[in-house]
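Engineer:
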Amino acid sequence: MPFEGVLGQLRPRNILRNALLNNKMAHAYLFFGESSVGRKPMALELAKTLNCKASIPGDNCGQCLSCKKIDSGTHPDIYTVEPEKSSSSVRLGAIKIEALRELQKKLSYLPYEGNCKVAIIDSAELMNPQAANSFLKILEEPPPNTLFVLIASNPHQLLPTLVSRCQAIRFMPLSPSETKQVLIQSRDKGEFEASDDEIELRALRAGGRVEQAMDDNLLAICERRGELIQLIGAAHLSRMDVFIRWSKSVAKQSGEVPALLTEIARLLRDITLLRSCGQSALITNADLRPQLIALSEKKKLDSLIKMFKAALVAQSDLGSNFNAQLSLENLWIEFCNAA
Ligand SMILES: [Zn+2]
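Just so we're aligned, residue 13 is where the sequence shown starts under the numbering used here, counting upward by one.
Laid out in structure tokens, this is it:
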């Protein structure tokens, strides 16, 4: 899959191709932006291009042995360092110093069969301080014929000294039509099953992230939207008991809470858009347009904005390990207050 195979990300692709064509590659790149928007596939395309046997200027053939080995993860000169996965938690662990020491040892050898070794540090923000300092030393005296690609969601979580040694390239979320194309490609390859209508809905709701678009739970949560619209519509201080009971029962299934909060924020975004400028083309819950328009007509714009902000705060609180029930109760208090 040559560079064009990474859908969207035109700007990152052009930066990299210009550098390749003009022989001005940096020795370290930082690809940053939300996960599942093409950062790692782009790093692998770069690795393929640097090692391709077909000599295509600024691109790779995707067909030679080297390209195929990189696609299958068996090329001996391409190294990926990732956080340790823990079976007891959905959260990723840290990247520890041992992984960086191992990488440094491997990079001290000449390339086995390629032109250039490529080291990809995935989720680089999860390097613990010792690992980050160890990596900084590697970058300060980089081994020859080696390209580093750091992949991170948020560059502010990396050591500034590390960031300053990399050329940073931002990756934006995909557009719904790009997400749709990725889903159709995956379906054509037999990796994913969905009808055209389902693909349309998934692409609209995935926030530009492919992993999200393919998530089994993405559409399951759609069935809860009616309930959420009713609750948003009923928000009033005289009805707090309803919301406390709802929060208590939902918090028992704490795994559902992040998805429900995302859904509440998404619905409020749509209702606010409809209330403020009637922009129904921009809404992500297009299949619920009539209900959302009806609700938008009953609410004041400043109330909707306050509710939308409260939903974002609740998401952030939950990400900081706040108690799920308290986060939800706080959200409804804010909603009732704003109504
Ligand atoms: Zn090739």
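Backbone N, C-alpha and C define an ideal beta-carbon position, used for all residues, glycine too. None of these values were measured; they are calculated from a predicted model.
Using C-beta distances below 7 angstroms, list every residue in its chain close to Pro167, excluding the 5 sequence neighbours before and after it, in chain order.
Structural biologist: Taken in chain order, the residues that qualify are Leu42, Phe44, Val175, Ala180.
Engineer: From Cys79 to Ile68, what does the alpha carbon distance come to, in whole angstroms?
Structural biologist: Going by the C-alpha atoms only, they are around 12 angstroms apart.
Engineer: Tell me the DSSP secondary structure of Ile227 in three-state form.
Structural biologist: In the sequence under discussion, the amino acid at residue 227 is Asp, which differs from the Ile named in the question. DSSP places Asp227 in coil when its eight states are reduced to three.
Engineer: Using a 10 Å radius around the Cβ and a threshold of 16 neighbouring Cβ atoms, would you call Asn26 buried or exposed?
Structural biologist: When all chains shown are included, Asn26 counts as exposed.
Engineer: Using only alpha-carbon positions, find the residue among Gly126, Ser84, Lys321 that is nearest to Leu273.
Structural biologist: Measuring from the Cα of Leu273, the nearest candidate turns out to be Lys321.
Engineer: Between the Cα of Arg177 and the Cα atoms of Asn145, Ser198, Leu195, which residue gives the shortest distance?
Structural biologist: Taking only the C-alpha atoms, the option nearest Arg177 is Asn145.
Engineer: Leaving out five residues on either side along the sequence, give the residues of the same chain with a beta carbon under 7 angstroms from the beta carbon of Leu324.
Structural biologist: Taken in chain order, the residues that qualify are Ala277.
Engineer: Is Ala66 near ligand 1, with its Cβ less than 8 angstroms from a heavy atom?
Structural biologist: Ala66 Cβ: within cutoff of ligand 1.
Engineer: Any heavy atom of ligand 1 inside 8 angstroms of the beta-carbon of Asn72?
Structural biologist: Asn72: yes, Cβ under 8 angstroms from ligand 1.
Engineer: With a 10 Å radius around its C-beta and 16 neighbouring C-beta atoms as the bar for buried, classify Thr61 as buried or exposed.
Structural biologist: Its Cβ being crowded by 16 or more others within 10 Å, Thr61 is buried.
Engineer: Per DSSP, Asp71 forms a beta bridge with which residues?
Structural biologist: Paired residues: Ile68.
Engineer: Considering only heavy atoms of ligand 1, does any lie closer than 8 angstroms to the CB of Arg75?
Structural biologist: What sits at residue 75 in the sequence shown is Gln, not Arg. Gln75 Cβ: within cutoff of ligand 1.
Engineer: Taking the alpha carbon of His39 as the reference point, which residue from Leu162, Met319, Gly331 has its own alpha carbon closest?
Structural biologist: Among Leu162, Met319, Gly331, the Cα nearest to that of His39 is on Leu162.
Engineer: Find out if the Cβ-Cβ distance for the pair Ala232, Met319 is shorter than 9 angstroms.
Structural biologist: Cβ atoms of Ala232 and Met319: not closer than 9 angstroms.
Engineer: Take Arg281 and list the residues in its own chain whose beta-carbon comes closer than 7 angstroms to its own, dropping the five residues that flank it on each side.
Structural biologist: These residues qualify, in order along the chain: Phe320.
Engineer: Taking one C-beta from the stretch 209 to 218 and one from the stretch 187 to 197 each time, how about it: are there three or more such pairs within less than 8 angstroms?
Structural biologist: Contact holds: three or more Cβ-Cβ distances are below 8 angstroms.
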